[in-house]
Amino acid sequence: MATYLVSVLNGLAMGALLFAIALGLSLVFGMMDVLNLAHGAVYLAGAYVAVALVADGASLAAFVVAVLLAAGVGAVLGGVLAGLTRATPRHLDQALLTLGVSLVVAEVLSMLFGNDVHSIGAPAPVSGSVAVFGETYPVYRLLVIGFGVVLAAGVYVLVERSRLGALIRATVADRGMVSALGVNTGRVLVGVFAAGAGLAAAGGVLAGPVLGAAPGLDEKVLLLALVVVVIGGLGSVRGALLGAVLIGQVQALGTALLPEYASFLVFAAMGVVLLLRPAGLLPARTAVHA
Numbered sequence: 390m391a392t393y394l395v396s397v398l399n400g401l402a403m404g405a406l407l408f409a410i411a412l413g414l415s416l417v418f419g420m421m422d423v424l425n426l427a428h429g430a431v432y433l434a435g436a437y438v439a440v441a442l443v444a445d446g447a448s449l450a451a452f453v454v455a456v457l458l459a460a461g462v463g464a465v466l467g468g469v470l471a472g473l474t475r476a477t478p479r480h481l482d483q484a485l486l487t488l489g490v491s492l493v494v495a496e497v498l499s500m501l502f503g504n505d506v507h508s509i510g511a512p513a514p515v516s517g518s519v520a521v522f523g524e525t526y527p528v529y530r531l532l533v534i535g536f537g538v539v540l541a542a543g544v545y546v547l548v549e550r551s552r553l554g555a556l557i558r559a560t561v562a563d564r565g566m567v568s569a570l571g572v573n574t575g576r577v578l579v580g581v582f583a584a585g586a587g588l589a590a591a592g593g594v595l596a597g598p599v600l601g602a603a604p605g606l607d608e609k610v611l612l613l614a615l616v617v618v619v620i621g622g623l624g625s626v627r628g629a630l631l632g633a634v635l636i637g638q639v640q641a642l643g644t645a646l647l648p649e650y651a652s653f654l655v656f657a658a659m660g661v662v663l664l665l666r667p668a669g670l671l672p673a674r675t676a677v678h679a
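According to our numbering, numbering within the sequence shown proceeds without interruption in unit steps and concludes at 679.
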């Protein structure tokens, strides 16, 4: 039983990381109606920032600096992607364009860092373990769970309860009216895109001590993020959180109980949710208008 409880904690830690990564994808697709297949490449860029700065483990301050730097890199990439996709309203064109960008970014990263698998150490002050349910458990993963809780609360308040969030929702619902009031809606939408990409890149650093960094990881992360978005519902903070926690638990418990079917269980869970709730578990109420 203690082993399974530890697996539940692993699922929560993975869920927190998936939430940070998938949230931006959900908001960009659900609120801006842009299908961004370069999201995984942005995540991988963040992971390689960690490889460059804190690969062998560093002070907590240095790790925080790496997270902030990666978020900045991601925000810049997000701004570029927002500009590129602004003139391509059709989803197929967006998918092809962002997929091309993803391949270019992945190739550049491969040229810079090689094709080896890079391990990333946790910050030195939190690299140890503590006793949980009679088992040893990494302190860093507990901090990741706490980070996920804080991030969920912060983003929910920002999107659902703040004036900035109201402006974003209004821009999505009726861009023409908001523009008539003197608001630069283009900047609002670029800001959402940049913030989502920044979260993905920061997630690459945070996930580094758990997943490492390697070519091809961007595709796996993108696939999991898409599953989270589909299960949770487009454009929903609560949906992204619920979907991330669900997939984290399915993956962790599936690996512990049925390791040979762990990957299948993730997509089985998505299939069951779509059969029961085609729009996702908690889709956003705001609809996108062209």
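Backbone N, C-alpha and C define an ideal beta-carbon position, used for all residues, glycine too.
Once you ignore the five residues that flank D445 on each side, which residues in its own chain have a CB closer than 6 angstroms to its CB?
G510
With a cut-off of 8 angstroms on the beta carbons, I'd call A402 and G523 a contact; round off their distance for me.
The pair is not a contact, with the Cβ atoms about 19 angstroms apart (cut-off 8 angstroms).
Sub-8 angstroms separation of G413 and A586 beta-carbons:
yes
C-beta atoms of L664 and I620 nearer than 8 angstroms:
no
Would you identify the three-state DSSP class for T477, choosing helix, strand or coil?
coil
Hey, quick one: how far does the alpha helix (DSSP H) through V506 stretch, first residue to last?
V506 -> no alpha helix (DSSP H), and no H or E assigned at all.
Please classify S415: does DSSP put it in a helix, a strand, or coil?
helix
I'd like the ranges of any alpha helix (DSSP H) spanning at least 4 consecutive residues and lying wholly in the region 555-625.
564-569, 574-595, 597-600, 606-621
Spatial neighbours of G597 within its chain, please: CB distance less than 7 angstroms, with the 5 preceding and 5 following residues excluded, ordered by chain position.
A436, A439, I509
If we ignore side chains and look at the alpha-carbon of each, how far apart do G660 and L613 end up?
14 angstroms
Quick check on this structure: which residue in L416, T487, G637, L611 has the alpha carbon closest to the alpha carbon of P672?
L416
Measure the beta-carbon distance from G463 to A603 and round it to whole angstroms, keeping in mind my assumption that it falls under 8 angstroms.
Between A603 and G463 the Cβ distance is about 19 angstroms, and since that is not below 8 angstroms, they are no contact.
When you compare only the Cα positions, how much space is there between L606 and G429?
8 angstroms
Counting C-beta neighbours from all protein chains within 10 Å, is the total for D422 16 or more, i.e. buried, or is it exposed?
buried
Mapping DSSP to helix, strand and coil, what is V519?
strand
Contact the region 621-630 vs the region 531-545: 3+ CB pairs below 8 angstroms:
yes
Assuming L424 and H480 form a contact by the criterion Cβ under 8 angstroms, report the distance between their Cβ atoms to the nearest whole angstrom.
5 angstroms
Residues in its own chain within less than 8 angstroms of E549 by CB, not counting five upstream and five downstream?
V626
How long is the line joining the alpha carbons of V506 and L595, rounded to whole angstroms?
17 angstroms
I think S516 touches Y529, with their Cβ atoms under 8 angstroms apart; what is that distance to the nearest whole Å?
7 angstroms
Looking at L473: is its Cβ nearer than 8 angstroms to the Cβ of L486?
yes
For P514, the three-state DSSP class (helix, strand or coil):
helix
Can you check which of these residues, P667, A495, G461, G404, is closest to G535 by C-alpha distance?
G404
Which class does P667 belong to by DSSP, given the choice of helix, strand or coil?
coil
Use the C-beta contact count for G683: other C-beta atoms within 10 angstroms, 16 or more gives buried, fewer gives exposed.
Past the boundaries of the shown model lies residue 683; the chain is included only from 390 to 679, so the question cannot be answered.
Kindly indicate the opening and closing residues of the alpha helix (DSSP H) around E549.
528-550
Pull up the DSSP beta-bridge partners for E524, would you.
V521
Contact set for V443: own chain, Cβ-Cβ below 6 angstroms, skip 5 residues either direction:
A451, F452, A455
Flag this pair as yes or no: are the beta carbons of G461 and F582 separated by less than 8 angstroms?
no
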